[in-house]
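Take a look at the structure below.
In this note's numbering, the protein residues as written are 25 to 258.
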């Protein structure tokens with residue numbers, strides 16, 4: 025067993041395989057008082073191996089299940105949730121980019137790095153934790169961050185949420201909270217329990233009520249990053 029600090033919370037992980045600890049190496053802390061401890065059953069590992077879109081070994085499957093088991097409890101116990109998106113920090117502000125699988129989140133945030141240079145930091149490339157602290161919604165880096173491994177053990181207040189769509193010309197428009205809800209709901213991990221779902225819905229409502237949302241139609245030119253930045257700051 026070992027502990028990690030993630031989203032300003034300490035979690036204990038009672039692991040079977042060393043892979044999980046290696047995955048979490050940048051987040052490991054010394055603690056004997058985790059706020060929650062998770063473990064994964066052999067049945068969960070087997071089920072994950074069966075449903076995975078690609079062949080995985082038991083150690084990898086355990087890692088997936090560990091994060092799911094943590095995130096299932098986030099809304100009810102900690103007022104937080106997992107959102108499938110890429111989050112970058114630029115000039116101290118966070119921008120979350122969500123899209124259907126394969127649309128190009130990683131490609132787009134790479135364009136920000138190319139256009140704006142070292143001032144851009146990737147907080148998480150795929151599965152950050154979102155958590156309200158005071159009056160702000162923060163995105164937190166986690167060890168689970170997509171195949172590219174884009175992650176920082178850091179947090180950033182979210183300024184805007186942007187839904188990416190492929191297009192030949194670059195354009196951006198602001199959308200309503202109701203429009204954003206239909207786009208974002210399937211990007212958020214929904215707990216299995218009624219209590220968890222009841223805790224999640226107010227968090228989503230607050231996020232969409234406080235954070236402006238946009239749709240970006242973009243190609244793979246550097247101009248796409250400029251259009252996105254200008255649109256979310258004007």
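Note that CB positions come from ideal geometry on N, CA and C, so glycine has one too.
Cβ distance (whole Å) where residue 27 is taken to contact residue 36 below 8 Å: The pair is a contact, with the Cβ atoms about 5 Å apart (cut-off 8 Å).
Sub-8 Å separation of residue 60 and residue 29 beta-carbons: Not closer than 8 Å, so no.
Helix, strand or coil at residue 202 [DSSP, three-state]: The three-state secondary structure of residue 202, taken from DSSP, is helix.
CB contact flag (residue 151, residue 166, <8 Å): If you check the CB distance, residue 151 and residue 166 come in under 8 Å.
Residue 60: first and last residue of the uninterrupted alpha helix (DSSP H) it sits in: DSSP places residue 60 in no alpha helix (DSSP H) but in the uninterrupted beta strand (DSSP E) bounded by 60-63.
Cβ-Cβ distance between residue 241 and residue 189 below 8 Å: Cβ atoms of residue 241 and residue 189: closer than 8 Å.
Beta-bridge pairing of residue 274 - partner residues as DSSP gives them: Shown here, the chain extends from 25 to 258; a query on residue 274 therefore has no answer.
Where residue 154 falls: helix, strand or coil (DSSP): In the structure shown, the three-state DSSP call for residue 154 is strand.
Burial state of residue 94 (16 or more Cβ within 10 Å): Per the 10 Å Cβ criterion, buried.
Pair within 8 Å by beta-carbon distance, residue 163 and residue 177: Their beta carbons are not under 8 Å apart, which means residue 163 does not touch residue 177 by this criterion.
Cα-Cα separation between residue 125 and residue 170, rounded to whole angstroms: The C-alpha of residue 170 is placed about 11 Å away from the C-alpha of residue 125.
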